[in-house]
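In my numbering, the protein residues as written are 1 to 216.
For every residue, glycine included, the Cβ atom is placed at its ideal position computed from N, Cα and C.
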Ligand SMILES: C[S@@+](CC[C@H](N)C(=O)[O-])C[C@H]1O[C@@H](n2cnc3c(N)ncnc32)[C@H](O)[C@@H]1O
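So, in structure tokens, the structure goes:
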């Protein structure tokens, strides 16, 4: 199954075949998401999940913030790399997802290190105390800049932000339709980060594009 058209399906399948398989819980979570939700492509899935786990394990962050939980796949992957005593806070605006997220977290060995907040990240982020080592932004595309501006002051110097879907299926390189607010917002966000001298950034052409940002 190719999640995004940016990677050729045979290449993606080859990569998946040469990547440590999903553990049983993540496999089940992903399968059930495809069977039970309207937009299952929102789930990070195997390759991106492994990528997030690797980054987190290499970094061993104490405090991780995630904006956009969906079913909790990426939260579980990122929390696998937490330092001893660390916590991952994840924010989801859709209350209908809460029961399923909590069900998956209860089955995960890292579930007790994940704090779920149900609400709009734009309102929740300013209420959270930790100074973040790592932030993963993966929610409403039109609000990317707003999330970024709210979290950047709350990240330690040398901390990181990962922002998903910044290639938006390649649309950022094409002529944008006037009513396509998501593509416009992502392009504006990418330009904003590129001009921002508070950070160092790299747009990684992996899956749907991940903007990797280091706070200076
Ligand atoms: C792409 S999905 C997240 C996928 C998840 N990070 C993963 O990789 O498995 C985006 C999620 O963000 C949520 N969302 C949208 N706007 C939000 C907001 N303002 N605050 C918090 N969550 C939001 C949506 O309901 C949706 O579940």
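Open item on the list: Within a Cβ cutoff of 6 angstroms, which residues of the same chain sit near residue 91, ignoring the five residues on either side of it in sequence?
Closed with: Cβ neighbours of residue 91 beyond the five flanking positions: 67, 117, 121 and 124.
- [ ] Go through its chain and collect everything with a Cβ distance to residue 168's Cβ below 8 angstroms, but skip five positions before and after it.
- [x] Around residue 168: 141, 182, 183, 186, 208 and 209.
TODO: Could you check if residue 77 is buried or exposed, using at least 16 other CB atoms within 10 Å of its CB as the buried criterion?
DONE: Burial is judged here by how many other beta carbons sit within 10 angstroms of a residue's own beta carbon; residue 77 has at least 16 and is buried.
Open item on the list: Does residue 62 come out as helix, strand or coil in the three-state DSSP assignment?
Closed with: Of the three classes helix, strand and coil, the one that applies to residue 62 here is coil, per DSSP.
- [ ] Compare the Cα-Cα distances from residue 70 to each of 175, 39, 193 and 180 and report the closest residue.
- [x] Sorting 175, 39, 193 and 180 by C-alpha distance to the C-alpha of residue 70 places 39 at the top.
- [ ] For the beta strand (DSSP E) holding residue 116, just list the boundary residues, first then last.
- [x] From DSSP, the beta strand (DSSP E) with residue 116 extends over 114-118.
- [ ] Since I believe residue 214 is in contact with residue 199 (beta carbons under 8 angstroms), could you give me their beta-carbon distance rounded to a whole number of angstroms?
- [x] Confirmed, Cβ separation roughly 6 angstroms.
Open item on the list: Using only CA atoms, which one of 132, 60 and 164 lies nearest to residue 144?
Closed with: Distances from the CA of residue 144 to each of 132, 60 and 164 were compared; the closest alpha carbon is that of 164.
TODO: Output yes or no for whether 7 angstroms exceeds the beta carbon distance between residue 135 and residue 115.
DONE: Between residue 135 and residue 115, the C-beta gap is not smaller than 7 angstroms, which leaves the two residues out of contact.
Task: Environment of residue 179 [buried if 16+ CB atoms lie within 10 Å] - done: Under this definition residue 179 is an exposed residue.
Task: Top-ranked residue by Cα proximity to residue 138, from 159, 43 and 173 - done: For residue 138, the nearest C-alpha among the options comes from 43.
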